[in-house]
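Structure first, then comments.
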Amino acid sequence: MQRVLYILWIVGLLTTGSAAQEQYPTKPVTIVVPTAPGALVDTIARALGQRLSETWKQPVIIENKSGANSQIGAVAVARAQPDGYVLLIAPDATFAINQHLYPALQYDPFRNFAPITAVGRIDQALIVHSSVPATSFQELVALAKSKPGGLTYGTVGAGSSMHLNFELMQQIGQFKLLAVHYRGGAPALSDVLAGTVSMMLVSPAPAAEAAETGSVRLLATGGLQRLSNLPNVPTISESGLAGFEAYTWVGLVAPAGTPQPVVDKINNDVRQILSDADFERKFLAPNMLKSIATSPSEFAVFMKNESEKWGNVIHEIGLKIN
Numbered sequence: 645m646q647r648v649l650y651i652l653w654i655v656g657l658l659t660t661g662s663a664a665q666e667q668y669p670t671k672p673v674t675i676v677v678p679t680a681p682g683a684l685v686d687t688i689a690r691a692l693g694q695r696l697s698e699t700w701k702q703p704v705i706i707e708n709k710s711g712a713n714s715q716i717g718a719v720a721v722a723r724a725q726p727d728g729y730v731l732l733i734a735p736d737a738t739f740a741i742n743q744h745l746y747p748a749l750q751y752d753p754f755r756n757f758a759p760i761t762a763v764g765r766i767d768q769a770l771i772v773h774s775s776v777p778a779t780s781f782q783e784l785v786a787l788a789k790s791k792p793g794g795l796t797y798g799t800v801g802a803g804s805s806m807h808l809n810f811e812l813m814q815q816i817g818q819f820k821l822l823a824v825h826y827r828g829g830a831p832a833l834s835d836v837l838a839g840t841v842s843m844m845l846v847s848p849a850p851a852a853e854a855a856e857t858g859s860v861r862l863l864a865t866g867g868l869q870r871l872s873n874l875p876n877v878p879t880i881s882e883s884g885l886a887g888f889e890a891y892t893w894v895g896l897v898a899p900a901g902t903p904q905p906v907v908d909k910i911n912n913d914v915r916q917i918l919s920d921a922d923f924e925r926k927f928l929a930p931n932m933l934k935s936i937a938t939s940p941s942e943f944a945v946f947m948k949n950e951s952e953k954w955g956n957v958i959h960e961i962g963l964k965i966n
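Note that our numbering has the sequence shown beginning at 645, numbered continuously upward.
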């Protein structure tokens, strides 16, 4: 009798999990974006949300909760009900950088979230103002070494992936630049275009557009392979810093404790969208965004590896933000 009850209990668990996966979602789903409207993560969230809404036959609401380098939105989702109806789509800093910068961070990216999938990666593009006497990355490094701290670079804030990519670049290349931190990419790019700041790393689409104006030069991109949209632009890796990569990525998570069948369903549906040829043609390719969709367990490993990488860089430069 006890064995029969045990078997029924196991069957009940399996049936419950399967039912949760099949029925989800039965009401609107909110995806929290911890950046301002119009930012890259927001753009990705809205494109993905529209397709998920069509798949799920339920509204997908995009809610922007920006501020404190993504902390406000992250904390809100960490404290949400773990039922799959509040999700977080956020940049790499949220999962791999903030924990090394903020001693009083109010969330733990590994304890407070259930990984769903990595979403996309953008290889950054290095642009320099046309007044900078360098037409290649090699020439830029030589110039920087000849005048340590004499060239400046713009970032979207201290501790951002843009900032840390430059710090890693300087460590490997053994040269010194001066950081100028802004509150957002638009003012940083504006000052590079005006020549107030020497250079910056930016997404390749706006970099290519800026280069067409003649105000800046597009010297290199941050992937290990050249971008298909920019085949004539060399990578930083092939230009003297072998193996160096400068990129940002976006990931999707749920509150910790979200039922695994629900996590798996979201993962499956998102991966189907990201692999869809129409979505690739209409959204990913124009934004030079690469799908890096993973399983939940693969995403967890990826986050830990990225956290270790940036933790080492932050420790090396001694950066902390109170």
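Even for Gly, the Cβ is constructed at its ideal location relative to N, Cα and C. Please read all numbers here as calculations on a predicted model, not as lab measurements.
Identified DSSP bridge partners for His959:
As a first step, residue 959 must be located in the sequence shown, where it is residue number 315. The partner list for His959 (beta bridge, DSSP) is empty, contrary to what the question assumes.
Measure from the alpha carbon of Pro878 to the alpha carbon of each residue in Glu942, Ala778, Ala864, then state which is nearest.
What you label residue 878 is simply residue 234 of the sequence shown in a count that begins at 1. Comparing Cα-Cα distances from Pro878 to each of Glu942, Ala778, Ala864, the minimum goes to Ala864.
Output yes or no for whether 8 angstroms exceeds the beta carbon distance between Gly764 and Ile688.
Your numbering for residue 764 matches position 120 in the sequence shown. Your numbering for residue 688 matches position 44 in the sequence shown. Contact flag set, yes.
Applying the 10 Å Cβ sphere with the 16-neighbour rule, what's the burial state of Met947?
Position 303 of the sequence shown holds residue 947. Flag for Met947 reads buried.
Cutoff 8 angstroms; reference Gly901; Cβ partners in own chain excluding five residues on either side
As a working mapping, residue 901 is identified with position 257 in the sequence shown. Closer than 8 angstroms at the Cβ level, and outside the excluded window around Gly901, lie Pro726, Ala758.
Cβ of Gln715 within 8 angstroms of Cβ of Lys671?
Counting from one through the sequence shown, the residue named residue 715 turns up at place 71. Counting from one through the sequence shown, the residue named residue 671 turns up at place 27. Their beta carbons are not under 8 angstroms apart, which means Gln715 does not touch Lys671 by this criterion.
For Ser847, tell me which candidate among Ile816, Val776, Met932 has the shortest Cα-Cα distance.
Position 203 of the sequence shown, counted from the first residue, corresponds to residue 847. Per the Cα distances, Met932.
Which stretch, first to last residue, makes up the alpha helix (DSSP H) that contains Asn809?
Your numbering for residue 809 matches position 165 in the sequence shown. Counting along the chain, the alpha helix (DSSP H) containing Asn809 begins and ends at 805-817.
Could you pull the DSSP bridge partners for Ala825 from this structure?
If you number the sequence shown from 1, residue 825 lands on position 181. Contrary to the premise, residue 825 reads as His rather than Ala in this sequence. Per DSSP, Thr799.
Identify, in the order they occur along the chain, each residue of the same chain with its Cβ nearer than 7 angstroms to the Cβ of Val860, setting aside the five sequence neighbours on each side.
In the sequence shown, residue 860 corresponds to position 216, counting from 1. Contacts found: Ile771, Val772, His773, Ser774, Val836, Leu837, Ala854.
Output the residue ranges of the alpha helix (DSSP H) runs that lie fully inside the stretch 856-931 and measure 4 residues or longer, sorted by chain position.
904-918
Whole angstroms are fine: how far does the CA of Pro669 sit from the CA of Leu812?
Locating residue 812 in the sequence shown gives position 168, counting from the first residue. Locating residue 669 in the sequence shown gives position 25, counting from the first residue. The straight-line gap from Cα to Cα measures roughly 42 angstroms.
Burial state of Gly895 (16 or more Cβ within 10 Å):
Here residue 895 is taken as the residue at index 251 of the sequence shown, counted from 1. Answer is buried; the Cβ neighbour count reaches 16.
Closest to Leu731 by C-alpha separation, out of Ala722, Thr779, Pro753, Gln904, would be which residue?
The sequence position of residue 731 within the sequence shown is 87, counting from 1. Checking every option, the nearest Cα to that of Leu731 belongs to Ala722.
Determine the contact status of Thr729 and Val785, defining contact as a CB-CB distance below 8 angstroms.
The sequence position of residue 729 within the sequence shown is 85, counting from 1. The sequence position of residue 785 within the sequence shown is 141, counting from 1. The sequence given here has Tyr at residue 729, not Thr. Not in contact: Tyr729 and Val785 (Cβ atoms no closer than 8 angstroms).
Quick one: is Asn713 buried, meaning 16 or more other Cβ sit within 10 Å of its Cβ, or exposed?
Taking the first residue of the sequence shown as 1, we reach residue 713 at position 69. With 16 or more Cβ atoms within 10 Å of its Cβ, Asn713 is classed as buried.
Examine the Cβ distances between the stretch 838-845 and the stretch 795-810 and report whether three or more of them are shorter than 8 angstroms.
yes
Tell me the rounded alpha-carbon separation between Thr796 and Ala734.
Residue 796 sits at position 152 when you count from the first residue of the sequence shown. Residue 734 sits at position 90 when you count from the first residue of the sequence shown. Distance between the alpha carbons of Thr796 and Ala734: 28 angstroms.
If you draw a straight line from the alpha carbon of Ala748 to that of Val907, how long is it in whole angstroms?
Stepping through the sequence shown from its first residue, residue 748 is reached at position 104. Stepping through the sequence shown from its first residue, residue 907 is reached at position 263. Straight-line Cα distance between these residues: approximately 29 angstroms.
Note down, in chain order, each residue of its chain lying with its Cβ closer than 7 angstroms to the Cβ of Ser883, except the 5 sequence neighbours on either side.
Taking the sequence shown and counting its residues from 1, one reaches residue 883 at position 239. Within the same chain, Ser883 has close Cβ partners Ser780, Phe781, Gln782, Ala864.
Are the beta-carbon atoms of Tyr746 and Ile965 separated by less than 8 angstroms?
Counting from 1 along the sequence shown, the entry for residue 746 is found at position 102. Counting from 1 along the sequence shown, the entry for residue 965 is found at position 321. Yes. Within cutoff.
Residues in its own chain within less than 6 angstroms of Gln815 by CB, not counting five upstream and five downstream?
What you label residue 815 is simply residue 171 of the sequence shown in a count that begins at 1. The answer is none, since no qualifying residue turns up.
So which of Ala929, Phe739, Arg915 has the shortest CA-CA distance to Arg695?
Within the sequence shown, residue 695 is the residue found at index 51, counting from 1. Closest by alpha carbon: Arg915.
Going by DSSP, name the residue or residues bridged to Arg765.
Residue 765 sits at position 121 when you count from the first residue of the sequence shown. Paired residues: Trp893, Lys934.
Out of Ala849, Pro777, Tyr751, Ser939, state which residue places its alpha-carbon closest to the alpha-carbon of Leu928.
Numbered from its first residue, the sequence shown carries residue 928 at position 284. Among Ala849, Pro777, Tyr751, Ser939, the Cα nearest to that of Leu928 is on Ala849.
Between the beta-carbon of Ile760 and the beta-carbon of Ala898, is there less than 8 angstroms?
Stepping through the sequence shown from its first residue, residue 760 is reached at position 116. Stepping through the sequence shown from its first residue, residue 898 is reached at position 254. Cβ atoms of Ile760 and Ala898: closer than 8 angstroms.
If we ignore side chains and look at the alpha-carbon of each, how far apart do Ala890 and Gly867 end up?
Taking the sequence shown and counting its residues from 1, one reaches residue 890 at position 246. Taking the sequence shown and counting its residues from 1, one reaches residue 867 at position 223. So the two alpha carbons sit approximately 7 angstroms from each other.
Helix, strand or coil for Ile965, going by three-state DSSP, please let me know.
The residue labelled residue 965 in the question sits at position 321 within the sequence shown. Ile965 falls in the coil class under three-state DSSP.
Determine which residues share a DSSP beta bridge with Val676 and list them.
Walking along the sequence shown from the start, residue 676 turns up at place 32. Note: Val676 sits in a beta bridge opposite Glu707, Leu732.
Continuous alpha helix (DSSP H) stretch holding Leu845: start and end:
In the sequence shown, residue 845 corresponds to position 201, counting from 1. Here Leu845 belongs to no alpha helix (DSSP H); instead the beta strand (DSSP E) covers 843-846.
What would DSSP say about Ala758, mapped onto helix, strand or coil?
Residue numbering aside, residue 758 sits at position 114 when the sequence shown is read from its first letter. Three-state result, Ala758: strand.
Can you list, in chain order, the residues of its chain whose CB lies under 8 angstroms from that of Pro792, leaving out five sequence neighbours each side?
Reading the sequence shown from its first residue, position 148 is the one you call residue 792. Within the same chain, Pro792 has close Cβ partners Phe819, Lys820.
How big is the Cα-Cα spacing for Ala769 and Ala778?
For the purposes of this step, residue 769 is identified with residue 125 of the sequence shown, where counting begins at 1. For the purposes of this step, residue 778 is identified with residue 134 of the sequence shown, where counting begins at 1. Straight-line Cα distance between these residues: approximately 15 angstroms.
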